[in-house]
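Asks:
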Amino acid sequence: MVEILCPHCEGEIELDDDASGEFECPLCDGEFEWNVEEDEKLRITKEAHQNMIDAVTQTDNRIIPSHGFNKMHPVAKVAVGAAVGYNVVVTIITLIFVIFLVFLLLIYLLFGPVMNGSFFA
Ligand SMILES: [Zn+2]
């Protein structure tokens with residue numbers, strides 16, 4: 002249980018720890034909200050997150066024209082930068098991996114028979 006003060010009559014009211022929503026004060030019958038602020042913050046955060054995703058998705062389709070990018074919201078800029086950076090890193094790693102595999106295959110094809118069929122020996 003948690004004790005709170007009624008915003009209307011400042012009387013002490015006991016609520017469950019996880020209670021949230023609209024309540025009616027048993028002392029003065031005044032209505033008040035409890036624990037709804039967190040939900041509101043979560044909603045705003047989710048909205049901002051969705052806006053970032055939308056901004057990135059739209060920008061990806063246009064391959065980031067620089068004038069549009071400069072007009073964008075700073076948060077969206079960071080999101081686009083992170084997305085582009087991530088794509089570049091993934092592409093480079095994939096390229097290195099593929100080149101490495103081709104290199105291994107070439108070495109194996111060229112020297113495999115010489116090494117008596119065992120690659121690491
Ligand atoms: Zn009250």
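Numbering-wise, the working numbering comes out as the position in the sequence shown, counting from 1, plus 1. Note that the Cβ used here is the ideal one computed from N, Cα and C, for glycine as well.
Between ALA56 and ALA80, which are expected to be in contact by the criterion C-beta below 8 angstroms, what is the C-beta distance as a whole number of angstroms?
Replies: 6 angstroms between Cβ atoms; contact.
Asks: DSSP beta-bridge partners for GLU16?
Replies: Note on residue identity: the sequence assigns Leu, not Glu, to residue 16. In DSSP, LEU16 forms a bridge with VAL3.
Asks: Check each residue's C-beta against every heavy atom of ligand 1 and list, in chain order, those closer than 6 angstroms.
Replies: CYS7, HIS9, CYS10, GLY12, CYS26, LEU28, CYS29 and GLY31
Asks: In chain order, what residues of the same chain have a beta carbon less than 8 angstroms from the beta carbon of ILE14, not counting five sequence neighbours either side?
Replies: GLU4, ILE5, LEU6, CYS7, PHE24, CYS26, PRO27 and LEU28
Asks: Taking only three categories from DSSP, how would you classify GLU48?
Replies: helix
Asks: Taking the straight line between their C-alpha atoms, what separation do you get for GLN51 and GLN59?
Replies: 12 angstroms
Asks: Would you kindly work out how many angstroms separate the C-alpha atoms of GLY86 and LYS78, rounded to a whole number?
Replies: 12 angstroms
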